[in-house]
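Student: Taken in order, the sequence shown gives residues 149 to 601; the numbers are from this note's numbering. Built from N, CA and C at the ideal position, the CB exists for glycine as well. Predicted model only: the values in this text are computed from it and were never measured.
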Amino acid sequence: MARGRKKENLTPEELLQAALVPESEQPYKIPENWCWVKFGQIIDLISGRDAKSTDCNSLGIGIPYILGASNLENNVFTIERWIEQPQVISLKNDILLSVKGTIGKVYLQKEEKINISRQIMSIRTGPTLFPQFTYWLVSNLSDSFREAGNGLIPGISREDILQKEVPLPPASEQQRIVDRIESLFARLDEAKQKVQDALDSFETRKAAILHKAFTGELTARWRKEHGVGIESWKEKTSTQLFEYVTSGSRGWAKYYSQDGDPFIRMGNLDHGTIELDLTDIQYVSLPSKAEGQRTKLQKNDILISITADIGMIGLVRQVEKDSYINQHIALARPAGDNNAEFIAWYLVSDVGLQQLQNKQRGATKIGLALDDIRSLKLLMPIPCEQTEIVRILDDLLAKEQQAKEAAEKVLEQIDLIKKSILARAFRGELGTNDPSEESAVELLRQVLSTSDR
Numbered sequence: 149m150a151r152g153r154k155k156e157n158l159t160p161e162e163l164l165q166a167a168l169v170p171e172s173e174q175p176y177k178i179p180e181n182w183c184w185v186k187f188g189q190i191i192d193l194i195s196g197r198d199a200k201s202t203d204c205n206s207l208g209i210g211i212p213y214i215l216g217a218s219n220l221e222n223n224v225f226t227i228e229r230w231i232e233q234p235q236v237i238s239l240k241n242d243i244l245l246s247v248k249g250t251i252g253k254v255y256l257q258k259e260e261k262i263n264i265s266r267q268i269m270s271i272r273t274g275p276t277l278f279p280q281f282t283y284w285l286v287s288n289l290s291d292s293f294r295e296a297g298n299g300l301i302p303g304i305s306r307e308d309i310l311q312k313e314v315p316l317p318p319a320s321e322q323q324r325i326v327d328r329i330e331s332l333f334a335r336l337d338e339a340k341q342k343v344q345d346a347l348d349s350f351e352t353r354k355a356a357i358l359h360k361a362f363t364g365e366l367t368a369r370w371r372k373e374h375g376v377g378i379e380s381w382k383e384k385t386s387t388q389l390f391e392y393v394t395s396g397s398r399g400w401a402k403y404y405s406q407d408g409d410p411f412i413r414m415g416n417l418d419h420g421t422i423e424l425d426l427t428d429i430q431y432v433s434l435p436s437k438a439e440g441q442r443t444k445l446q447k448n449d450i451l452i453s454i455t456a457d458i459g460m461i462g463l464v465r466q467v468e469k470d471s472y473i474n475q476h477i478a479l480a481r482p483a484g485d486n487n488a489e490f491i492a493w494y495l496v497s498d499v500g501l502q503q504l505q506n507k508q509r510g511a512t513k514i515g516l517a518l519d520d521i522r523s524l525k526l527l528m529p530i531p532c533e534q535t536e537i538v539r540i541l542d543d544l545l546a547k548e549q550q551a552k553e554a555a556e557k558v559l560e561q562i563d564l565i566k567k568s569i570l571a572r573a574f575r576g577e578l579g580t581n582d583p584s585e586e587s588a589v590e591l592l593r594q595v596l597s598t599s600d601r
């Protein structure tokens, strides 16, 4: 194995001792027939080099060219570029590791040849290591590589890899470890997919709940119990729904400040919810006679995005201090006994959102005018049924959110279990080791004694 400068005139035993990690430097205890070695003693490490963009193509001509970590995800290589005259080539069964920018993405190469960029290094195994075992070994080391590369410009050097202490089991044990890891991971992946499927259906279930709410299905039983018919739902125009409709003014930048009044922008709204996201809030100091005073928010105001990404809704639940909106948001203030939360969720639902989308204007820039908001027509039940719908929605959507959060925690737990399995695998704690097998030291000695050094 080529590992840099050759060590001349060393006996086989001296070569062995140079490869082994002294007991005082060994990270943790491993089985007796394993040994600790410097990674660079049992691999070849190939550093990539960037190719000129003019030498690459997207037509599939030549061999694949990996640009960086963005091409790797879950041991899958997404090919975006090819190159006819490769510069640095990795081979099938090499382990590719992202070493700059996003550090620690790992890929066991399935392609015969890949041209690697400087964002990637290729780890090539020899007689002491099985490729699949090395893939899992490097995957287990990826967190430590990321920690080593936490600089101003994230990146790790060749020495960070070559000088890494790694546990080396006997050859047959390597295969047993691979088999055990992949068996356990297969079960975890099956469970993970089921949880992910449930998580992916969250928005679909939520949309179905909202559709039932605003077509009367959700309160059919309530109406029957209270002697109310569906004919009590009446179409109301915007003039019946809102006492005031406006949008933010322009030229707010000159009023920006560090600690003034909250200033609501498009980024504070989102689809599928009526809650304002105030984690990233801009503040303004507005003169008392400034034109923007007309957009001062009140409790229960409904905010609607009207440019570009239209139809995002926010409900102002509380106003602790003066707050304002920019020109990309419309303010609609409910009139009389119209329930603000009911109207807000109505506009989030497919029934309401479709009406907003049908009113969008502009061939190149999607947008709504205030007249579009003023021309809205909503099918409204009587006030007490509005209140009941909001109550049911709050309960159902809270349960859905709890289920979503629980599923997300399960996914996080599965990832932690995988990390735990890998950590145990490379400590010899998966119950696969046969202590009667010849020590890995003997394999290492044989390889070193026959290597071209």
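Identify, in the order they occur along the chain, each residue of the same chain with its Cβ nearer than 6 angstroms to the Cβ of V603, setting aside the five sequence neighbours on each side.
Tutor: The first residue shown for the chain is 149 and the last is 601, placing residue 603 beyond what the model contains.
Student: Give the single residue among Q388, R229, L332 whose Cα lies nearest to the Cα of A483.
Tutor: Here the question's residue 483 lines up with position 335 in the sequence shown. Measuring from the Cα of A483, the nearest candidate turns out to be Q388.
Student: Assuming L332 and G188 form a contact by the criterion Cβ under 8 angstroms, report the distance between their Cβ atoms to the nearest whole angstrom.
Tutor: Numbered from its first residue, the sequence shown carries residue 332 at position 184. Numbered from its first residue, the sequence shown carries residue 188 at position 40. Not quite, the Cβ-Cβ distance comes to about 30 angstroms (not below 8 angstroms), so this is no contact.
Student: Check whether the stretch 156-172 touches the stretch 287-300, counting contact only when three or more Cβ pairs, one atom from each stretch, lie closer than 8 angstroms.
Tutor: In short, these stretches do not touch, since the Cβ pair count stays below three.
Student: Are the stretch 408-427 and the stretch 462-480 touching by the rule of at least three beta carbon pairs closer than 8 angstroms?
Tutor: Touching, per the Cβ criterion.
Student: Less than 8 angstroms between C-beta atoms, sequence neighbours within five positions excluded: which residues of the same chain meet that for K447?
Tutor: Counted from its first residue, the sequence shown places residue 447 at position 299. For K447, where only same-chain residues beyond five positions count, the Cβ hits under 8 angstroms are V464, R465, Q466, V467.
Student: Less than 9 angstroms between the beta carbons of P529 and G364, yes or no?
Tutor: In the sequence shown, the residue the question calls residue 529 occupies position 381. In the sequence shown, the residue the question calls residue 364 occupies position 216. The answer is yes: Cβ separation under 9 angstroms.
Student: Using 8 angstroms as the cut-off, can you tell me whether the stretch 330-346 makes contact with the stretch 538-547, which would need three or more C-beta pairs spanning the two stretches below that distance?
Tutor: Too few Cβ pairs lie closer than 8 angstroms, so no.
Student: Using CA atoms only, rank isn't needed, just tell me which of Q235, G210, P302 is closest to I227.
Tutor: By one-based count along the sequence shown, residue 227 stands at place 79. That would be G210, whose Cα lies nearest to the Cα of I227.
Student: Within the continuous alpha helix (DSSP H) that includes E533, where are the two ends?
Tutor: As a working mapping, residue 533 is identified with position 385 in the sequence shown. 531-573 is the extent of the alpha helix (DSSP H) around E533.
Student: Quick one: using the 10 Å Cβ neighbour count with 16 as the cut-off for buried, is E180 buried or exposed?
Tutor: Counted from its first residue, the sequence shown places residue 180 at position 32. It counts as exposed.
Student: CB-CB under 6 angstroms to V129, same chain, minus the five flanking residues each way: which ones, in chain order?
Tutor: Residue 129 cannot be examined here, being either before or after the span of the chain that is shown, 149 to 601.
Student: Suppose you measure from the CA of T273 to the CA of L426; what does that come to, to the nearest Å?
Tutor: On the sequence shown, residue 273 is found 125 positions in, with the first residue counted as 1. On the sequence shown, residue 426 is found 278 positions in, with the first residue counted as 1. C-alpha separation (whole angstroms): 51 angstroms.
Student: Go ahead and label N223 buried or exposed: buried means 16 or more other beta carbons lie within 10 angstroms of its beta carbon, across all protein chains shown.
Tutor: The count along the sequence shown starts at 1 and reaches residue 223 at position 75. N223 comes out exposed.
Student: In chain order, what residues of the same chain lie with their CB nearer than 6 angstroms to the CB of K195, ignoring the 5 residues before and after it?
Tutor: Position 47 of the sequence shown, counting from 1, holds the residue named residue 195. Sequence inspection shows Ser at residue 195; the Lys mentioned does not correspond to that position. Around S195: M269.
Student: Exposed or buried, what is D520 when buried is set at 16 or more other beta-carbons lying within 10 Å of its beta-carbon?
Tutor: For the purposes of this step, residue 520 is taken as the residue at position 372 of the sequence shown. D520 should be labelled buried.
Student: Counting along the chain, where does the alpha helix (DSSP H) carrying N506 start and finish?
Tutor: Sequence index remark: in the sequence shown, residue 506 carries index 358 (1-based). Where N506 is concerned, the enclosing alpha helix (DSSP H) stretches over 498-506.
Student: Would R306 and L193 qualify as a contact pair, given that the criterion is a beta-carbon distance under 9 angstroms?
Tutor: In the sequence shown, residue 306 corresponds to position 158, counting from 1. In the sequence shown, residue 193 corresponds to position 45, counting from 1. Yes, they are a contact pair.
Student: Can you tell me where the alpha helix (DSSP H) with Y255 in it begins and where it stops?
Tutor: Position 107 of the sequence shown holds residue 255. Counting along the chain, Y255 falls outside any alpha helix (DSSP H), though it belongs to the beta strand (DSSP E) covering 254-256.
Student: Taking G252 as the reference, which of K258, I214, E221 has the closest Cα?
Tutor: By one-based count along the sequence shown, residue 252 stands at place 104. It is E221.
Student: Is the beta carbon of S287 sitting closer than 9 angstroms to the one on V254?
Tutor: For the purposes of this step, residue 287 is taken as residue 139 along the sequence shown, with counting starting at 1. For the purposes of this step, residue 254 is taken as residue 106 along the sequence shown, with counting starting at 1. Yes, they are a contact pair.
Student: In angstroms with no decimal places, state the Cα-to-Cα distance between R151 and L578.
Tutor: In the sequence shown, counting from the first residue as 1, residue 151 sits at position 3. In the sequence shown, counting from the first residue as 1, residue 578 sits at position 430. Here R151 scores only 46 on pLDDT, less than 50, and its place in the model should not be relied on; the value that follows carries that caveat. Cα to Cα, R151 sits roughly 31 angstroms from L578.
Student: Just reading off the beta strand (DSSP E) that F390 is part of, what are its end residues?
Tutor: Indexing the sequence shown from 1 puts residue 390 at position 242. Counting along the chain, the beta strand (DSSP E) containing F390 begins and ends at 390-395.
Student: With 16 other CB atoms within 10 Å as the buried threshold, where does N416 fall?
Tutor: Here residue 416 refers to the residue found at position 268 when the sequence shown is read from its first residue. Classification of N416: buried, given that the 10 Å Cβ count is 16 or more.
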